[in-house]
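Below is one structure, written out as structure tokens, with a few remarks after it.
Number of protein chains: 2
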Amino acid sequence: MAERTVFFLSDQTGVTAETLGHSLLTQFSGQEFRHVTLPFIDSVDKAREAAARIDGVSASDAARPIIFSTLVQDQFRDIIREASGLHLDIFDAFLGPLEHELDAKPTQEPGRAHGMSNIGAYMNRIEATNFALANDDGGITRNYEVADVVLLGVSRSGKTPTCLYLALQYGVYAANYPLTDEEFEAGKLPDLLLKQRRKLFGLTIRPERLRQIRRERRSVGRYSSVQQVRYELREAEKLFKRYNIPHVDTTEFSIEEIASRILDSTGVERRVRT
Amino acid sequence: MAERTVFFLSDQTGVTAETLGHSLLTQFSGQEFRHVTLPFIDSVDKAREAAARIDGVSASDAARPIIFSTLVQDQFRDIIREASGLHLDIFDAFLGPLEHELDAKPTQEPGRAHGMSNIGAYMNRIEATNFALANDDGGITRNYEVADVVLLGVSRSGKTPTCLYLALQYGVYAANYPLTDEEFEAGKLPDLLLKQRRKLFGLTIRPERLRQIRRERRSVGRYSSVQQVRYELREAEKLFKRYNIPHVDTTEFSIEEIASRILDSTGVERRVRT
Chain A
0 MAERTVFFLS
10 DQTGVTAETL
20 GHSLLTQFSG
30 QEFRHVTLPF
40 IDSVDKAREA
50 AARIDGVSAS
60 DAARPIIFST
70 LVQDQFRDII
80 REASGLHLDI
90 FDAFLGPLEH
100 ELDAKPTQEP
110 GRAHGMSNIG
120 AYMNRIEATN
130 FALANDDGGI
140 TRNYEVADVV
150 LLGVSRSGKT
160 PTCLYLALQY
170 GVYAANYPLT
180 DEEFEAGKLP
190 DLLLKQRRKL
200 FGLTIRPERL
210 RQIRRERRSV
220 GRYSSVQQVR
230 YELREAEKLF
240 KRYNIPHVDT
250 TEFSIEEIAS
260 RILDSTGVER
270 RVRT
Chain B
0 MAERTVFFLS
10 DQTGVTAETL
20 GHSLLTQFSG
30 QEFRHVTLPF
40 IDSVDKAREA
50 AARIDGVSAS
60 DAARPIIFST
70 LVQDQFRDII
80 REASGLHLDI
90 FDAFLGPLEH
100 ELDAKPTQEP
110 GRAHGMSNIG
120 AYMNRIEATN
130 FALANDDGGI
140 TRNYEVADVV
150 LLGVSRSGKT
160 PTCLYLALQY
170 GVYAANYPLT
180 DEEFEAGKLP
190 DLLLKQRRKL
200 FGLTIRPERL
210 RQIRRERRSV
220 GRYSSVQQVR
230 YELREAEKLF
240 KRYNIPHVDT
250 TEFSIEEIAS
260 RILDSTGVER
270 RVRT
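What follows is the structure, encoded as structure tokens:
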């Protein structure tokens, strides 16, 4: 089957066009796609250049390209629309109905969905990222009283990337604390965590998967042994049960999915970007 | 003006619906929106629950709600469509044209756009995140030979969040190295950086903004003094010029915008998720 070229066009970062396009393209699993992102199309020259590039691909590929675009300004959209391909434009599709519904005119300013239009919300994301880094892996600051959520789990269960994603995507303050022999031998959680009990959320993972991940880090020794991995996961589970801590098995889930489940389960608010 | 409730509905994480919705809503800057994300609508019961919630808001709010939805399966979409509000559905709008263009049927499997449908690409993002953490702030590993890009800049110019974002969003291996008095006094970059010269990318920031950010961290002392901030930025600029290192002023840019500009300028490939 011929590979299709897919363009993601934007007057800003291209994140929205990419996200939309990927969601749709994953519905066609048998196909091969070549991705080309063309961001920052914010002048007539750049729009013409992009249109020429699309036409070039259209002339050389077996099938015409697919174009996901999020250009806000009519003058640039008009230029792109002349290029040969299947055009899927979210502003074309949805701006009209929204305009009518809200009885308001769109600003037509280059999309700031991923910009700093709301500086407060933006700084919150950066501060949340710094917080996640400072409170990673039971880190030094242990500022759990200002955390929105504190993730618990054994080493390599997915705590760190999930905290960073929660911070960057949603401005959520997420700390994490590793469960180790110390907690398992005591059979209880430390007081500094129990004081924040309603913020706790557990991550588990299946033993085989955890072994695989740990072996990539340290191929030999107790850390990635069957016995140790099983022991840690069993004891972590016991602690989650003892304190009635909600938890999720991360084996089959991406960080987006884990993050979304944590927010859904805890009711922590997304500090979104608009 | 009455606040509008906006729903983001998904059978998975809700990230696509949120991203799309935010891009469109930022075009209507005078309006107030209340955001409600309802992820993981993957059963008839959950679809009915969501529809009832939308109807409840519709009955109590002054204006009917706006619904951005990315439900793949017809049976759940049909239930949601009965709810009262403005429906903006990316699958309704774009799946038909794509189906026709590709001459293929969509799988109708719950969207895995933010899932692990491509385990290799997913693990790459996690590995890239670990890489960013290990190579943060001139960190211990200094694995610059496997980096895609190495960001340079003074303390608090935005290196760390940008590297983490590049990793989480695109699976790009981004290291960062802080420019300090050591480099400024020598008037040159260390050899381990010069060996990777084509990977270097600089971040600058305006002095006032940098002072503001630094003062939030340490309110007194040389670190956030006018003189020191100006000195560091001037010397960093000199180094960028000396070695002809592409760089961007981050003062007005979000991490999405910085990341997108870096990829655009360096030509580093997005290791995307589909």
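Just so you know, the sequences run in chain order A and B. Following numbering that gives the first Met the number 0, the numbering of the first sequence begins with 0 at its first residue and continues without gaps. Following numbering that gives the first Met the number 0, the numbering of the second sequence begins with 0 at its first residue and continues without gaps. Glycine included, each C-beta is placed from N, C-alpha and C at the ideal position. All values reported here derive from a predicted model rather than from experimental measurement.
Can a CB atom of chain B be found closer than 8 Å to the CB of residue i?
i	result
F93 (chain A)	yes
E2 (chain A)	no
D41 (chain A)	no
P96 (chain A)	yes
L19 (chain A)	yes
R76 (chain A)	no
L23 (chain A)	yes
R269 (chain A)	yes
R272 (chain A)	Reliability of the predicted coordinates at R272 (chain A) is poor, the pLDDT of 47 falling under 50, and the value obtained from them is presented with this limitation in mind. Chain B contact via Cβ: present.
Could you list which residues in chain A have their beta carbon closer than 8 Å to that of residue i, in chain order?
i	result
S224 (chain B)	Chain A residues near S224 (chain B): none, gap ~22 Å exceeds 8 Å.
G13 (chain B)	S259
Y71 (chain B)	One detail in the question is off: residue 71 (chain B) reads as Val in this sequence, not Tyr. Those within 8 Å of V71 (chain B) in chain A are Q26.
Along chain B, in chain order, which residues have C-beta atoms closer than 9 Å to that of residue i?
i	result
G83 (chain A)	Note that residue 83 (chain A) is Ser in the sequence shown, not Gly. Correct list: empty, because the minimum Cβ distance to chain B is about 13 Å.
E48 (chain A)	Per Cβ cutoff of 9 Å: no residues; E48 (chain A) is ~13 Å from chain B at best.
R221 (chain A)	None at all; the shortest Cβ gap to chain B is about 21 Å.
For a contact defined as C-beta to C-beta under 8 Å, what are the partners of residue i on chain B?
i	result
P245 (chain A)	Here the premise fails: no neighbours, minimum Cβ distance about 14 Å.
P177 (chain A)	Within chain B, no residue comes near P177 (chain A); the closest Cβ sits about 15 Å away, beyond 8 Å.
Given that residue i touches chain B, what residues does it touch there, using C-beta distances under 7 Å?
i	result
D263 (chain A)	P38 and F39
T106 (chain A)	Q26 and S28
Using a Cβ-Cβ cut-off of 8 Å, state whether residue i counts as contacting chain A.
i	result
A103 (chain B)	yes
Q30 (chain B)	yes
F27 (chain B)	yes
E100 (chain B)	yes
Y164 (chain B)	yes
I89 (chain B)	yes
I125 (chain B)	yes
E181 (chain B)	no
Please list, in chain order, the chain A residues whose beta carbon lies closer than 7 Å to that of residue i.
i	result
T128 (chain B)	P160 and L163
With residue i and residue j assumed to form a contact (beta carbons below 8 Å), what rounded beta-carbon distance in angstroms separates them?
i	j	result
E179 (chain A)	H246 (chain A)	Note that residue 179 (chain A) corresponds to Thr in the displayed sequence, not to Glu. The Cβ separation is near 17 Å, so there is no contact.
Y172 (chain A)	V145 (chain A)	6 Å
Q279 (chain B)	Y143 (chain B)	The question about residue 279 (chain B) has no answer here: the residues shown for chain B are numbered 0 through 273.
A50 (chain B)	I78 (chain B)	6 Å
V5 (chain A)	F67 (chain A)	7 Å
R3 (chain A)	A62 (chain A)	6 Å
I53 (chain B)	S83 (chain B)	7 Å
S28 (chain B)	T25 (chain A)	The pair is not a contact, with the Cβ atoms about 32 Å apart (cut-off 8 Å).
Y164 (chain A)	S253 (chain B)	The pair is not a contact, with the Cβ atoms about 16 Å apart (cut-off 8 Å).
Report the neighbours of residue i on chain A: residues whose CB is nearer than 9 Å to its CB, in chain order.
i	result
L167 (chain B)	P160, L163, Y164, L167, Q168 and I254
State yes or no: is the beta carbon of residue i nearer than 8 Å to at least one beta carbon in chain D?
i	result
E48 (chain B)	Any reference to chain D falls outside this structure, whose protein chains are A and B.
Tell me the start and end of each unbroken beta strand (DSSP E) in the stretch 42–127 of chain A that is at least 3 residues and wholly inside, in chain order. Runs of the beta strand (DSSP E) lying entirely within the stretch 42–127 of chain A, each at least 3 residues long, are 65–69 and 85–88 in chain order.
Runs of alpha helix (DSSP H) wholly within the stretch 218–250 of chain B (minimum 4 residues, chain order): If we require 4 residues or more, the alpha helix (DSSP H) runs fully inside the stretch 218–250 of chain B come out as 225–241.
Can you check the stretch 130–180 of chain B for any alpha helix (DSSP H) of at least 4 residues that lies completely inside it and give the ranges in chain order? DSSP runs (the alpha helix (DSSP H)) wholly in the stretch 130–180 of chain B: 158–169.
Please list, in chain order, the residues of the stretch 54–66 of chain A that have any C-beta partner in chain B closer than 9 Å. The residues in question are A62, R63 and I65.
Residues within the stretch 190–210 of chain B neighbouring chain A, beta-carbon criterion of under 8 Å: Those residues of the stretch 190–210 of chain B that come within reach of chain A (Cβ to Cβ, closer than 8 Å) do not exist; the list is empty.
What are the complete alpha helix (DSSP H) segments, minimum 4 residues, inside the stretch 190–219 of chain B? The stretch 190–219 of chain B contains, as complete alpha helix (DSSP H) runs of 4+ residues, the segments 190–193 and 206–216 (chain order).
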